[in-house]
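For the record, the sequence lines run as chains A and B. FYI, my numbering numbers position 15 of the first sequence as 15, with every residue one higher than the one before it. In my numbering, each number is its position in the second sequence, counted from 1, plus 246. For reference, the structure discussed in these notes is given below.
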Amino acid sequence: MTETITLEVARYCPDRDSAPSLQSYQVPLREEWVVLDALNYIKDQLDGSLTFRWSCRMGICGSCGMMVNGEPKLTCATFLTHYRPGPIRVEPLRYFPVVRDLVVDITDFLAKLRDVKPWLVREDAKPPEREFLQTPEQLDTYKQYSMCINCLLCYAACPVYGLDSLFKGPAALALAQRYNLDSRDQGKEERMDILSQHDGIWGCTFVGECTRVCPKNVDPAGAIQRYKLDAATEWFKSVLMPWGNR
Amino acid sequence: MSRLYRKRVSTYWWLGPWPYLRFILREASSVPVAWFVVVTLRQLRALAAGREAYAEFQQWMSQPPMVALNAVCFVFVLFHTITWFNLTPRAVVLRLRGQRVPDHLIAAPNYLGWVAASAAVAWLILRA
Chain A
1 MTETITLEVA RYCPDRDSAP SLQSYQVPLR EEWVVLDALN YIKDQLDGSL
51 TFRWSCRMGI CGSCGMMVNG EPKLTCATFL THYRPGPIRV EPLRYFPVVR
101 DLVVDITDFL AKLRDVKPWL VREDAKPPER EFLQTPEQLD TYKQYSMCIN
151 CLLCYAACPV YGLDSLFKGP AALALAQRYN LDSRDQGKEE RMDILSQHDG
201 IWGCTFVGEC TRVCPKNVDP AGAIQRYKLD AATEWFKSVL MPWGNR
Chain B
247 MSRLYRKRVS TYWWLGPWPY LRFILREASS VPVAWFVVVT LRQLRALAAG
297 REAYAEFQQW MSQPPMVALN AVCFVFVLFH TITWFNLTPR AVVLRLRGQR
347 VPDHLIAAPN YLGWVAASAA VAWLILRA
């Protein structure tokens, strides 16, 4: 007989429910199955109305992030056997408004991401005719932060974002730092004006959970602390050497 | 657009997962640090005021409730120091010959400074 495990899945239908509730499903417990496989099994075999986001199944697209037993996880990389004998509680990402079942509204994050200018800012009037060259060392400086897949697990782990929705949040700040450290970029000062405000880097109290839950080892907490150090250095420079350039 | 469900964050969010509680304890440990600053300032003031004032300070510090308070504060100060020293490599990134300096080498000077300062204070106190 096939071994099974219970999944307690958060269900919320905006037209019918005032708050989410948990619904239990029995799914086969297979060694090679991740939580996302179990959700797809439920959708295909047990309850077609279950709604959730997913795409690549290989930790690249960042769309299947959910709370698994209270921890933010990529469900495509979270094996069922890890939670044997169960049950496994699957809920939408914490601190985000729920659209339906396991789907959250990420409009707020997308607006914040745009605010930090996550692209190469150049002072040139025209695009260059050749590509910008970069040494392996220069690439290595920012590569860690460029691994972010916008899965938003870091937001679901950050109590500061939960308590103050104005806070720009770990991924947006780490991505800002990714471009600041890029030798081809010239937008550091523009970003500093945005990020040195209270709801930018100074909102972070260094809980450090964003770094712990990041499936790509981006270390957003580290990026933010480095940014704070940069901002403080710039401030001291502007006070001690007001005649110098910023 | 359909109705979104928004859950309010509990006032007691920090009592949930252990990393959150550890964070709050780390933040709260700044109070015992401030207490030790007050004690040190009072000690210096008593020292400047003469032998009698210093004996009075020592008498105040040797009362059992004060010893218990200072023992608890000491544990918090240790926790504060070690956690912050260990977090230093997150903020300070140095590169040497193209390679990032390992985390333990960034944290090490903090510990060395701590040991040196403690040894200097111990020498001052114990030489008498």
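In this text, a Cβ means the ideal position worked out from N, Cα and C, and glycines have one as well.
| Check | Outcome |
| --- | --- |
| Starting from glutamate 8 of chain A, find everything on chain B with Cβ-Cβ shorter than 9 Å and list it in chain order. | None at all; the shortest Cβ gap to chain B is about 17 Å. |
| Taking the beta carbon of aspartate 124 of chain A as the centre, do at least 16 other beta carbons fall within 10 Å, making it buried, or is it exposed? | exposed |
| Give a yes or no on whether the minimum CB-CB distance between glutamate 209 of chain A and chain B is below 8 Å. | yes |
| Under the criterion of a Cβ to heavy atom distance below 7 Å, does valine 104 of chain A qualify as lining the ligand GDP? | Looking at this structure, you won't find the ligand GDP or any other ligand, since it has none at all. |
| Pull up the distance between the alpha-carbon of proline 128 of chain A and that of arginine 122 of chain A, whole angstroms please. | 10 Å |
| Would you verify that the beta carbon of phenylalanine 206 of chain A is, or is not, closer than 8 Å to some beta carbon of chain B? | yes |
| How about lysine 228 of chain A and alanine 172 of chain A: do their beta carbons lie closer than 8 Å? | no |
| Apart from the five residues just before and just after serine 24 of chain A, which ones in its own chain have a Cβ nearer than 6 Å to its Cβ? | Thr6, Glu8 |
| Among B:Phe331, B:Tyr266, B:Ala337, whose alpha-carbon lies nearest the alpha-carbon of alanine 157 of chain A? | B:Tyr266 |
| Taking only three categories from DSSP, how would you classify alanine 19 of chain A? | coil |
| Determine the burial state of tyrosine 258 of chain B: buried for a count of at least 16 other Cβ atoms within 10 Å of its Cβ, exposed for fewer. | exposed |
| Please list the partners that valine 98 of chain A has in chain B, where partner means a Cβ-to-Cβ separation under 7 Å. | Leu250, Tyr251 |
| Strictly below 8 Å CB to CB, what residues from chain A border proline 355 of chain B? | None at all; the shortest Cβ gap to chain A is about 16 Å. |
| Residues in its own chain within less than 6 Å of alanine 362 of chain B by CB, not counting five upstream and five downstream? | none |
| Going by beta-carbon coordinates alone, are glycine 203 of chain A and alanine 221 of chain A separated by less than 8 Å? | no |
| Say whether chain B places a C-beta atom closer than 8 Å to the C-beta of glutamate 137 of chain A. | yes |
| Across which residues does DSSP place arginine 254 of chain B in a beta bridge pair? | Answer is none; arginine 254 of chain B lacks a bridge partner. |
| Going straight from the alpha carbon of valine 103 of chain A to that of arginine 53 of chain A, what length do you get? | 6 Å |
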